[in-house]
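To keep things clear, I will list the structure first and then write my remarks on it.
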Amino acid sequence: MAKAPAASVSPPPPRLFTPEPVDYGEPVAEPAAAPGPRRRWPVIAVVSLVVVLAVAGAAAVLLRDGDRSPADDAGEPAPSTAARTFPEPPIPLVSDTELVFTDVLADGDLTVKHWLRTEEPVDRLELSAPGDGMTSAEVTDVVVAADGVAVASADVVAASGWAGPLPATSDVYVSYRLSGVLQLSDSAQGRGLATTTALVADVGRPMVARTQSFTGASVLTLACLPPGDQAMPTPCGSSKGDTWTVVSEGDAVADSVIAQVDLGAGQ
1455 MAKAPAASVS PPPPRLFTPE PVDYGEPVAE PAAAPGPRRR WPVIAVVSLV
1505 VVLAVAGAAA VLLRDGDRSP ADDAGEPAPS TAARTFPEPP IPLVSDTELV
1555 FTDVLADGDL TVKHWLRTEE PVDRLELSAP GDGMTSAEVT DVVVAADGVA
1605 VASADVVAAS GWAGPLPATS DVYVSYRLSG VLQLSDSAQG RGLATTTALV
1655 ADVGRPMVAR TQSFTGASVL TLACLPPGDQ AMPTPCGSSK GDTWTVVSEG
1705 DAVADSVIAQ VDLGAGQ
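Residue numbers (our numbering): 1455 to 1721.
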C-alpha cells in the first residue's frame, strides 16, 4: 500500500518586534498628601474641650475654697472665737471654790454675782432656793455664762429654781436679781432682814470653800444657817470698811447667809 505524502509544515510568521527589558530605576515614594482643613478640626475641637474643662475645674475649686473655712482643711470644728463678756472673779479662786457678791439696793432688792471654779469640767447648773425656798421671792434677769461667755438667760425664774445644761467648763458665772426677800421691820424704819441673800448654785461637785461678800446698804449683822432641818442661825462674818464677808469651808459651808440691813444708812 502506498504511503501518503507527509503534510508540509509552514514556518511561523516573522515577529513584528522583539521586546527588550526597560530600566525604570529605583522606586520613587509617593509624596504624602498635605492634611486638608477637615483633618485639622478634630484637633482644634479636642484642644478647645481641654481648655474649657480646665477653666471649669479651676472655677469649681475657687468656689469650693471660697466656702471652706480653716476648720474644713483641718477636719475639725472651728474653735469658738467669742470674746469673754463677763468678768473674771475679783479675787483669785482655786479649784472647787465659789465666790458670791450680794449688793443690797436702796429699794430692798438684791443683785447677785456668783462665780464657781471647779477642778474637773462640769456640764450642768441648777439654781435653787436655800432652806425652805422663797415663797414670796422673785428671781429675774438671770444670766448664765461658761468661760465668760453667756450660754443661757431668763427674764423670770420660778421660785422652784432653774436648771440647764452647760458646755463643758471649769469656770461658771451666774448673775440675777432677787426681789421680795427683805422683810422690813415694823419698829425701825428702813431696817430689814434678808432671809435669802443668794441662791444655791449646784454644778454636781461639792465646793470646798465659799466666800460671800455684801455691799450696798449698810449691813448690821450676818448669821449663817448650816445645812439641816434642825440647824439654827449663828452669827458669822466680819466687816472691813463698807463690806461684810463670810468665808466658810468644808462641811461648814453655810446653806444660807441671813443679813440684817439698814437701807437708810446706805444712801
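All C-beta atoms in this analysis are idealised placements derived from N, C-alpha and C, irrespective of residue type, glycine included.
Using DSSP with H/G/I as helix, E/B as strand and the rest coil, what is residue i?
i, result
"Ala1604", "strand"
"Ala1591", "coil"
"Gly1670", "strand"
"Gly1682", "coil"
"Gly1618", "strand"
"Asp1705", "helix"
Classify residue i: buried if its beta carbon has 16 or more other beta carbons within 10 angstroms, exposed otherwise.
i, result
"Arg1578", "exposed"
"Gly1670", "buried"
"Met1686", "exposed"
"Ile1545", "exposed"
"Gly1418", "Since the displayed the chain opens at 1455 and closes at 1721, residue 1418 lies outside it and no answer follows."
"Ala1648", "buried"
"Leu1653", "buried"
Closer than 7 Å by C-beta to residue i: which residues in its own chain qualify, once you throw out the five before and the five after it? Chain order, please.
i, result
"Thr1650", "Ala1583, Pro1584, Met1588, Ala1591, Leu1632, Val1635, Ser1710"
"Ala1622", "Pro1575, Asp1577"
"Thr1688", "Ala1677, Cys1678"
"Val1605", "Val1598, Ala1599, Leu1620, Pro1621"
"Pro1543", "Leu1553, Trp1569"
Going along the chain, which residues of its own chain have a beta-carbon closer than 8 Å to the beta-carbon of residue i, five neighbours each way excluded?
i, result
"Ala1655", "Glu1552, His1568, Leu1570, Leu1579, Glu1580, Leu1581, Val1626, Val1628"
"Pro1660", "Asp1550"
Can you give me the Cβ contacts of residue i inside the same chain, cut-off strictly under 6 Å, excluding the 5 residues immediately before and after it?
i, result
"Arg1664", "Glu1552, Ser1702, Val1707"
"Val1673", "Trp1698, Ala1713, Val1715"
"Phe1555", "Lys1567, Ser1667"
"Ala1617", "Glu1580"
"Val1573", "According to the sequence shown, residue 1573 is Glu rather than Val. Cβ within range, chain order: Ser1549, Asp1550."
Below 8 Å, can you find three or more Cβ-Cβ pairs linking the stretch 1559–1569 to the stretch 1626–1636? yes
Spell out a yes or no on whether the stretch 1685–1693 and the stretch 1602–1621 are touching, meaning 3 or more CB-CB pairs, one atom from each, closer than 8 Å. no
Cβ pair count under 8 Å reaching 3, the stretch 1592–1607 against the stretch 1704–1713: no
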